[in-house]
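Participant:
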(Lines of atoms letter the chains of each structure in order from A and count residues from 1; the text may use other names and numbers.)
(Lines give C-alpha, C1' and ligand atoms only; values in the text may rest on other atoms or scores of the structure.)
Protein backbone atom coordinates (compact mmCIF):
# COMPACT_ATOMS: atom_id res chain seq x y z
CA UNK A 1 0.00 0.00 0.00
CA UNK A 2 1.38 3.39 -1.00
CA UNK A 3 -0.10 6.70 0.18
CA UNK A 4 0.71 10.10 -1.27
CA UNK A 5 0.68 13.18 0.95
CA UNK A 6 1.11 16.77 -0.21
CA UNK A 7 1.25 20.28 1.18
CA UNK A 8 2.58 23.64 0.05
CA UNK A 9 5.67 23.05 2.19
CA UNK A 10 6.57 21.35 5.47
CA UNK A 11 3.14 21.65 7.10
CA UNK A 12 1.90 18.31 5.84
CA UNK A 13 4.79 16.57 7.57
CA UNK A 14 2.75 16.93 10.77
CA UNK A 15 0.00 14.85 9.13
CA UNK A 16 2.53 12.42 7.68
CA UNK A 17 3.92 11.82 11.16
CA UNK A 18 0.51 10.77 12.48
CA UNK A 19 -0.08 8.54 9.47
CA UNK A 20 3.27 6.80 9.95
CA UNK A 21 2.52 6.20 13.63
CA UNK A 22 -0.95 4.84 12.84
CA UNK A 23 -0.03 2.82 9.74
CA UNK A 24 3.63 1.76 9.96
CA UNK A 25 3.24 -0.90 7.26
CA UNK A 26 2.42 1.63 4.54
CA UNK A 27 4.85 3.18 2.06
CA UNK A 28 4.57 6.97 1.71
CA UNK A 29 5.39 9.59 -0.89
CA UNK A 30 5.50 13.16 0.43
CA UNK A 31 5.40 16.15 -1.91
CA UNK A 32 6.15 19.60 -0.53
CA UNK A 33 5.56 22.35 -3.09
CA UNK A 34 8.32 24.49 -1.64
CA UNK A 35 8.75 26.36 -4.93
CA UNK A 36 5.31 27.94 -4.45
CA UNK A 37 4.85 28.16 -0.67
CA UNK A 38 2.77 29.76 0.78
CA UNK A 39 -0.51 28.88 -0.93
CA UNK A 40 -2.60 30.89 1.51
CA UNK A 41 -1.93 34.29 -0.06
CA UNK A 42 -2.58 33.12 -3.65
CA UNK A 43 -5.73 33.40 -5.74
CA UNK A 44 -8.26 30.57 -5.84
CA UNK A 45 -7.33 29.85 -9.46
CA UNK A 46 -3.63 29.57 -8.60
CA UNK A 47 -4.37 27.31 -5.64
CA UNK A 48 -6.49 25.01 -7.80
CA UNK A 49 -3.81 24.79 -10.49
CA UNK A 50 -0.93 24.18 -8.07
CA UNK A 51 -2.93 21.59 -6.13
CA UNK A 52 -3.90 19.74 -9.31
CA UNK A 53 -0.25 19.75 -10.40
CA UNK A 54 0.79 18.19 -7.08
CA UNK A 55 -1.89 15.53 -7.45
CA UNK A 56 -0.62 14.67 -10.96
CA UNK A 57 2.94 14.23 -9.74
CA UNK A 58 1.86 11.95 -6.91
CA UNK A 59 -0.50 9.96 -9.13
CA UNK A 60 2.43 9.28 -11.46
CA UNK A 61 4.26 7.51 -8.60
CA UNK A 62 1.56 4.84 -8.42
CA UNK A 63 -0.04 5.76 -5.11
CA UNK A 64 -3.13 3.90 -3.87
CA UNK A 65 -4.61 6.87 -1.97
CA UNK A 66 -3.95 10.59 -1.60
CA UNK A 67 -4.04 12.71 1.55
CA UNK A 68 -4.38 16.43 0.86
CA UNK A 69 -2.45 17.61 3.92
CA UNK A 70 -3.08 21.29 3.19
CA UNK A 71 -6.10 23.14 4.52
CA UNK A 72 -5.91 25.74 1.76
CA UNK A 73 -5.99 23.09 -0.98
CA UNK A 74 -8.67 21.12 0.88
CA UNK A 75 -10.83 24.25 1.16
CA UNK A 76 -10.48 25.53 -2.39
CA UNK A 77 -9.26 22.79 -4.72
CA UNK A 78 -10.63 19.44 -3.59
CA UNK A 79 -12.82 18.97 -6.67
CA UNK A 80 -9.91 19.73 -9.01
CA UNK A 81 -7.73 17.25 -7.12
CA UNK A 82 -10.41 14.54 -7.28
CA UNK A 83 -10.76 15.11 -11.04
CA UNK A 84 -7.04 14.43 -11.45
CA UNK A 85 -7.03 11.37 -9.20
CA UNK A 86 -10.01 9.63 -10.80
CA UNK A 87 -10.72 6.41 -8.91
CA UNK A 88 -7.84 6.87 -6.45
CA UNK A 89 -9.34 7.69 -3.00
CA UNK A 90 -8.71 11.26 -1.82
CA UNK A 91 -8.76 12.34 1.85
CA UNK A 92 -8.78 16.00 2.91
CA UNK A 93 -8.04 17.69 6.23
CA UNK A 94 -11.06 19.98 6.56
CA UNK A 95 -13.62 17.26 7.36
CA UNK A 96 -11.48 15.66 10.09
CA UNK A 97 -10.61 19.13 11.41
CA UNK A 98 -14.28 20.00 11.77
CA UNK A 99 -14.96 16.74 13.60
CA UNK A 100 -12.02 17.32 15.95
CA UNK A 101 -13.24 20.85 16.72
CA UNK A 102 -16.78 19.62 17.40
CA UNK A 103 -15.48 16.95 19.77
CA UNK A 104 -13.38 19.53 21.63
CA UNK A 105 -16.32 21.94 21.77
CA UNK A 106 -18.47 19.29 23.47
CA UNK A 107 -15.83 19.09 26.20
CA UNK A 108 -15.85 22.89 26.59
CA UNK A 109 -19.56 23.46 27.16
CA UNK A 110 -21.19 22.41 23.92
CA UNK A 111 -22.43 24.71 21.16
CA UNK A 112 -22.08 27.80 23.36
CA UNK A 113 -18.30 27.40 23.43
CA UNK A 114 -16.38 29.58 21.00
CA UNK A 115 -14.31 27.95 18.28
CA UNK A 116 -11.47 30.16 17.09
CA UNK A 117 -10.36 29.00 13.64
CA UNK A 118 -6.75 29.97 12.90
CA UNK A 119 -5.70 29.53 9.28
CA UNK A 120 -4.26 31.07 6.14
CA UNK A 121 -6.02 33.96 4.46
CA UNK A 122 -7.34 31.77 1.64
CA UNK A 123 -8.74 29.13 4.00
CA UNK A 124 -10.45 31.74 6.18
CA UNK A 125 -11.96 33.55 3.20
CA UNK A 126 -13.34 30.27 1.87
CA UNK A 127 -15.37 29.98 5.13
CA UNK A 128 -15.06 26.20 4.85
CA UNK A 129 -14.74 25.85 8.62
CA UNK A 130 -17.17 28.60 9.56
CA UNK A 131 -19.96 27.09 7.49
CA UNK A 132 -19.35 23.60 8.86
CA UNK A 133 -19.07 24.61 12.53
CA UNK A 134 -22.06 26.97 12.65
CA UNK A 135 -22.65 29.41 15.51
CA UNK A 136 -20.04 30.89 17.85
CA UNK A 137 -17.17 30.61 15.39
CA UNK A 138 -14.46 33.24 14.96
CA UNK A 139 -12.32 32.97 11.83
CA UNK A 140 -8.88 34.56 12.16
CA UNK A 141 -6.46 34.69 9.24
CA UNK A 142 -2.77 34.46 10.13
CA UNK A 143 -0.92 35.14 6.84
CA UNK A 144 2.54 35.73 8.31
CA UNK A 145 2.92 32.44 10.17
CA UNK A 146 3.59 29.97 7.34
CA UNK A 147 6.60 31.95 6.00
CA UNK A 148 8.07 32.10 9.51
CA UNK A 149 7.58 28.37 10.05
CA UNK A 150 9.17 27.61 6.68
CA UNK A 151 12.13 29.74 7.80
CA UNK A 152 12.44 27.66 10.97
CA UNK A 153 11.38 30.49 13.31
CA UNK A 154 9.53 28.07 15.60
CA UNK A 155 10.46 29.87 18.83
CA UNK A 156 11.52 33.26 17.48
CA UNK A 157 10.49 36.41 19.38
CA UNK A 158 8.96 37.82 16.19
CA UNK A 159 6.80 34.71 15.84
CA UNK A 160 5.52 35.07 19.41
CA UNK A 161 4.76 38.77 18.91
CA UNK A 162 2.93 38.02 15.66
CA UNK A 163 0.78 35.32 17.25
CA UNK A 164 -0.04 37.73 20.07
CA UNK A 165 -1.20 40.28 17.49
CA UNK A 166 -3.49 37.70 15.91
CA UNK A 167 -5.01 36.16 19.05
CA UNK A 168 -4.31 38.58 21.89
CA UNK A 169 -7.80 40.11 21.85
CA UNK A 170 -9.41 36.69 22.24
CA UNK A 171 -7.08 35.75 25.08
CA UNK A 172 -7.89 39.02 26.88
CA UNK A 173 -11.64 38.47 26.48
CA UNK A 174 -11.46 35.99 29.36
CA UNK A 175 -13.69 33.31 27.85
CA UNK A 176 -11.44 30.40 26.83
CA UNK A 177 -12.80 28.09 24.16
CA UNK A 178 -11.43 25.89 21.40
CA UNK A 179 -8.64 27.09 19.10
CA UNK A 180 -8.50 25.04 15.91
CA UNK A 181 -5.15 25.05 14.13
CA UNK A 182 -6.65 24.91 10.65
CA UNK A 183 -3.31 24.92 8.88
CA UNK A 184 -1.03 21.88 8.92
CA UNK A 185 1.98 24.15 9.46
CA UNK A 186 0.67 25.36 12.82
CA UNK A 187 1.27 22.18 14.89
CA UNK A 188 4.98 22.99 14.55
CA UNK A 189 4.26 26.00 16.82
CA UNK A 190 1.63 24.39 19.06
CA UNK A 191 3.51 25.51 22.18
CA UNK A 192 3.47 29.12 20.99
CA UNK A 193 -0.32 29.03 20.66
CA UNK A 194 -0.63 27.49 24.14
CA UNK A 195 1.44 30.35 25.49
CA UNK A 196 -0.68 32.97 23.70
CA UNK A 197 -4.05 31.39 24.57
CA UNK A 198 -3.85 30.22 28.20
CA UNK A 199 -6.79 28.06 29.19
CA UNK A 200 -7.87 27.38 25.60
CA UNK A 201 -8.11 23.87 24.18
CA UNK A 202 -5.72 23.79 21.20
CA UNK A 203 -6.79 21.34 18.49
CA UNK A 204 -5.12 20.21 15.27
CA UNK A 205 -6.55 17.80 12.75
CA UNK A 206 -3.54 15.55 12.09
CA UNK A 207 -4.68 12.74 14.38
CA UNK A 208 -8.24 13.10 13.08
CA UNK A 209 -6.98 12.59 9.52
CA UNK A 210 -5.40 9.29 10.55
CA UNK A 211 -8.67 8.26 12.19
CA UNK A 212 -10.61 9.09 9.02
CA UNK A 213 -8.39 6.72 7.03
CA UNK A 214 -8.84 4.03 9.67
CA UNK A 215 -12.62 4.26 9.19
CA UNK A 216 -12.46 4.31 5.39
CA UNK A 217 -12.83 1.64 2.74
CA UNK A 218 -9.05 1.24 2.53
CA UNK A 219 -8.66 0.56 6.27
CA UNK A 220 -7.90 -3.15 5.87
CA UNK A 221 -5.18 -2.50 3.28
CA UNK A 222 -3.53 0.00 5.61
CA UNK A 223 -2.81 -2.77 8.11
CA UNK A 224 -1.33 -5.27 5.64
CA UNK A 225 2.44 -5.45 5.96
CA UNK A 226 4.09 -4.66 2.68
CA UNK A 227 7.49 -5.51 1.30
CA UNK A 228 10.84 -3.98 2.14
CA UNK A 229 9.69 -0.38 1.63
CA UNK A 230 6.97 -0.55 4.31
CA UNK A 231 7.10 2.56 6.49
CA UNK A 232 9.57 4.38 4.25
CA UNK A 233 9.02 7.84 2.82
CA UNK A 234 9.97 9.07 -0.63
CA UNK A 235 10.46 12.84 -0.40
CA UNK A 236 9.70 15.19 -3.29
CA UNK A 237 10.28 18.94 -3.02
CA UNK A 238 9.66 21.27 -5.95
CA UNK A 239 12.48 23.57 -4.82
CA UNK A 240 15.53 21.31 -4.35
CA UNK A 241 17.26 24.07 -2.38
CA UNK A 242 14.45 24.08 0.21
CA UNK A 243 14.62 20.57 1.66
CA UNK A 244 13.81 20.69 5.40
CA UNK A 245 16.01 18.95 7.95
CA UNK A 246 13.25 16.55 9.00
CA UNK A 247 13.14 15.22 5.42
CA UNK A 248 16.91 14.88 5.19
CA UNK A 249 16.92 13.00 8.48
CA UNK A 250 13.87 10.83 7.75
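In our numbering, the protein residues as written are 352 to 601. For glycine and all other residues, C-beta sits at the position ideal for the given N, C-alpha and C.
Can you give the Cα-Cα distance for residue 365 and residue 575, rounded to whole angstroms?
Facilitator: Locating residue 365 in the chain shown gives position 14, where the first residue counts as 1. Locating residue 575 in the chain shown gives position 224, where the first residue counts as 1. Each residue's alpha carbon lies about 23 Å from the other.
Participant: Look at residue 370 and residue 380 and say whether their C-beta atoms are less than 8 Å apart.
Facilitator: By one-based count along the chain shown, residue 370 stands at place 19. By one-based count along the chain shown, residue 380 stands at place 29. Taking 8 Å as the Cβ cut-off, residue 370 and residue 380 do not qualify as a contacting pair.
Participant: Here's the rule: buried if 16 or more other CB atoms are within 10 angstroms of the residue's CB, otherwise exposed. What is residue 445?
Facilitator: Looking up residue 445 in the chain shown gives position 94. Counting Cβ neighbours within 10 Å, residue 445 comes out buried, since at least 16 surround it.
Participant: Would DSSP call residue 509 helix, strand or coil?
Facilitator: For the purposes of this step, residue 509 is taken as residue 158 along the chain shown, with counting starting at 1. Of the three classes helix, strand and coil, the one that applies to residue 509 here is helix, per DSSP.
Participant: DSSP three-state label for residue 358, please.
Facilitator: Locating residue 358 in the chain shown gives position 7, counting from the first residue. The answer is strand: DSSP assigns residue 358 an E or B state.
Participant: Quick check: what's the CA-CA separation for residue 376 versus residue 521?
Facilitator: Taking the first residue of the chain shown as 1, we reach residue 376 at position 25. Taking the first residue of the chain shown as 1, we reach residue 521 at position 170. A straight-line Cα-Cα distance of about 42 Å links residue 376 and residue 521.
Participant: Run through DSSP, which three-state label would residue 555 get?
Facilitator: By 1-based counting over the chain shown, the position of residue 555 is 204. Three-state DSSP puts residue 555 in a strand.
Participant: Would you give the residue range spanned by the alpha helix (DSSP H) that residue 481 belongs to?
Facilitator: Numbered from 1 along the chain shown, position 130 holds the residue referred to as residue 481. Per DSSP, residue 481 belongs to the alpha helix (DSSP H) from 479 to 484.
Participant: Is the beta carbon of residue 442 sitting closer than 8 Å to the one on residue 563?
Facilitator: In the chain shown, counting from the first residue as 1, residue 442 sits at position 91. In the chain shown, counting from the first residue as 1, residue 563 sits at position 212. For residue 442 and residue 563, yes; Cβs fall inside 8 Å.
Participant: Looking only at its own chain, which residues have a Cβ that is under 8 Å from the Cβ of residue 433, when we skip the five neighbours before and after it?
Facilitator: Here the question's residue 433 lines up with position 82 in the chain shown. 441, listed in sequence order.
Participant: Using three-state DSSP, classify residue 383 as helix, strand or coil.
Facilitator: By 1-based counting over the chain shown, the position of residue 383 is 32. In this structure, residue 383 counts as strand in the three-state DSSP scheme.
Participant: Check whether the region 587 to 594 touches the region 462 to 471, taking contact to mean three or more Cβ pairs, one atom from each stretch, closer than 8 Å.
Facilitator: no
Participant: With a 10 Å radius around its C-beta and 16 neighbouring C-beta atoms as the bar for buried, classify residue 501 as buried or exposed.
Facilitator: Indexing the chain shown from 1 puts residue 501 at position 150. Classified as buried, residue 501 has 16 or more neighbouring CB atoms from the shown chains inside 10 Å of its CB.
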